[in-house]
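What follows is a single structure, written as structure tokens, with notes after it.
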DNA sequence: TTCAAAAGAAACGCTTGCGTAACGGTCCGT
DNA sequence: ACGGACCGTTACGCAAGCGTTTCTTTTGAA
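Residue numbers (UniProt numbering), protein chains in the order written: chain Z, 1 to 116; chain Y, 1 to 116.
Below is the structure:
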């Protein structure tokens, strides 16, 4: 059961969610960081720097830096892979799950407010 | 007729749209810039720096800088208000309308792809 | 055992956004 | 006509992200 949106609803939803997120959340993650965060939490693990870089279509340092930032915020965690110690496995955190849960609620709330 | 979303659909939609936007669009507007852009195009004019700052809950220089950036990209335009020459009225552009139209299409497309 | 390849991080210089504070132009009541 | 209030911009020092390049560790095959 897909989500059917009119053009007005689509942009209106993005508008009100962005607006509310700007007003409420001081963190102001970039679009890239948000895409990485959602990828980590919505797609089955394991996640690696290399894999995320390929999925996003960006270079590896972009992922490393984003993980630095979001790690400092407690939204993700990094653990060395013992199978292949060159790899780093990105782990979810309770804070990260909570953050996205609240963000999901925001989207749902704003979706309900879209007219037409 | 509001938009009813499950938690999975809400985050999934944001996920796939962000991902596609990162892959396709090199501009990478910040969340603030996107919120400003949508405010300008979805809410009836006139728009001023002061008004946008109040709506977004940010300071005026934030708006000025965002307008600098998006102006250079051709997404918005600025015109002095002849009624009160202290004011600057923010104008929409053809390029900006086109940009948001494509973005809206992206949201609609990704919405259709959300399961459940 | 040796060595090229791979993964992630760190280093480099640059660009862009931030918050605060100060500034120049404009309006309007006195 | 003067002075305060208002509007948007600019200046300043700082923090964070970017792309490219280099480095370190680890792996696996010759």
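Note that beta-carbon positions come from the ideal geometry of N, C-alpha and C, so glycine has one too.
Remember, predicted model here, so these are calculated numbers, not experimental data.
- With a threshold of 16 other beta carbon atoms within 10 Å, residue 5 of chain Y meets it and is buried.
- Here DSSP, grouped into helix, strand and coil, assigns residue 84 of chain Y to coil.
- Counting only Cβ-Cβ distances below 8 Å, residue 111 of chain Z has contacts in chain Y at 2, 3, 4, 5, 10, in chain order.
- In the DSSP assignment, residue 12 of chain Z falls within the alpha helix (DSSP H) that extends over 7-24.
- The alpha carbon of residue 56 of chain Y has as its nearest neighbour, out of Y:38, Y:73, Y:46, Y:70, the alpha carbon of Y:38.
- When the five nearest sequence neighbours on each side are left out, the beta carbons in the same chain lying within less than 8 Å of the beta carbon of residue 70 of chain Y are those of 29, 33, 36, 37, 76, 96, in order along the chain.
- With fewer than three CB-CB distances shorter than 8 Å, the segment 45-64 of chain Y does not count as touching the segment 79-92 of chain Z.
- Of the other Cβ atoms in all chains shown, fewer than 16 fall within 10 Å of the Cβ of residue 98 of chain Z; this residue is therefore exposed.
- Along the length of the segment 66-110 of chain Z, whole beta strand (DSSP E) runs at least 3 residues long occupy 76-80, 88-92, reported in chain order.
- Closer than 8 Å to the CB of residue 85 of chain Y there is not a single CB belonging to chain Z.
- When DSSP states are grouped into helix, strand and coil, residue 58 of chain Y belongs to the coil group.
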